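Peer 1: Residue numbers (this note's numbering): 161 to 548.
Beta carbons are placed, not taken as given, at the ideal position from N, Cα and C, and that holds for glycine.
The structure presented is a predicted model; accordingly, all values stated were derived computationally and were not measured.
Quick look at the structure:
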């Protein structure tokens, strides 16, 4: 949990000690540090690299005397210093088509060891890996080598890799399903929380925060803290939601598509339709009855039999904690994996790690397709099929 400098300050001349210390002051004044947001991350603008814009950034800002002053200021506010690095050339085009020209680092291990006093380090040699790049062997190899070299440098300095950056291929909430099957240990990093001044409504900001928390993604804010509204601060500091995010025993998530998504982990219902009235059938979750607790409001709904109907704003969410469940008969589904499907045109099967395969390069307007056929059923009863 923490704050990231990228959205408020970018990578240019606004990244300096004065601005950074001011944000640290605001984190303490608003109580975000006491709520758990203690990692203060300088995303870029600190490395001594030549950048296309004509800037030359000075690493002394963080490792020299000024760095000691900044680190001391952060410690005084209950914060620790984190950094992000490209650690060499950018391998993928960035949004808008501009790709910074960064010099290679010859001695990566020594470079990492010079970063004294940091509690967090992220490495991103590719800002946004396109499907085309991920399906070309030479491009994937180049990208993998960058990660392997950084992993070796991290290990040689006695550090441990704790996060897996998934937003390069998780572009919708449903796309988190395969990533949620990753082994326990590294955290699935969904990216920076979009609070502050942007196009999201407050309802959408709450939904994003709730989903990030329940998916056990790191909760990292990237905005000018002084511009946050009272409502935004209240949701960011909600202790019940934060407790879910920090729970190491939380199980994986799963979605059931409809005009609302239902994720279990705790239970999240996200409303994608204009209809606010949402009936929740407990039998679809595997229960006959259960006690429901509204995590967002702290309201104990109580014991519910069969179904529960409530109002959820468009793009809003409901976060429930389910206790004292009475199990229902669990239906048996016939698993139908992507390897059994027929992929048309440019659609391809891609492994994303740990033996999890997904259909990739799916394009709109019926230009590609995934079709399952010859699924074996029975003559006595319905065959329930799950596509995985």
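#1: Which of the three DSSP states is assigned to residue 186 in this structure?
#2: If the criterion is Cβ atoms closer than 9 Å, does the pair residue 240 and residue 279 meet it?
#3: Measuring straight from C-alpha to C-alpha, what distance separates residue 178 and residue 228?
#4: So what's residue 163 in DSSP terms, helix, strand or just coil?
#5: Mapping DSSP to helix, strand and coil, what is residue 266?
#6: Measuring alpha carbon to alpha carbon, tell me which residue in 451, 487 and 432 is nearest residue 476.
#7: Do you know how far the Cα of residue 193 is from the Cα of residue 478?
#8: Smallest Cα separation from residue 314: which of 270, 371, 398 and 524?
#9: Which residues mark the beginning and the end of the beta strand (DSSP E) in which residue 440 is found?
#10: Quick check on residue 286: buried or exposed, where buried means 16 or more other Cβ atoms within 10 Å of its Cβ?
#11: Quick one: grab the DSSP three-state call for residue 520.
#12: Tell me whether residue 329 sits in a helix, a strand or coil according to DSSP, three-state version.
#13: Below 8 Å on the Cβ atoms is my guess for residue 205 versus residue 172; work out the distance and round it to an integer in Å.
#14: Over the uninterrupted beta strand (DSSP E) stretch that includes residue 526, give me the two end residues.
#15: Check for me: the beta strand (DSSP E) holding residue 400 runs from which residue to which?
#16: Can the beta-carbon of residue 198 be found less than 9 Å from the beta-carbon of residue 388?
#17: Here's the rule: buried if 16 or more other CB atoms are within 10 angstroms of the residue's CB, otherwise exposed. What is residue 310?
#18: Between which two residues does the beta strand (DSSP E) holding residue 486 run?
#19: Nearest to residue 391 by alpha carbon, out of 232, 381, 363 and 506?
Peer 2: Well, looking at it:
#1: helix
#2: yes
#3: 14 Å
#4: strand
#5: coil
#6: 432
#7: 26 Å
#8: 270
#9: 437-441
#10: buried
#11: strand
#12: With a pLDDT of only 42 at residue 329, under the threshold of 50, the placement of this residue in the model should not be trusted; the figure read from the coordinates follows. Correct three-state label for residue 329: coil.
#13: 6 Å
#14: Careful: residue 526 lies outside any beta strand (DSSP E) and carries neither H nor E.
#15: Residue 400 -> not in any beta strand (DSSP E); alpha helix (DSSP H) instead, spanning 399-405.
#16: no
#17: buried
#18: 477-487
#19: 363
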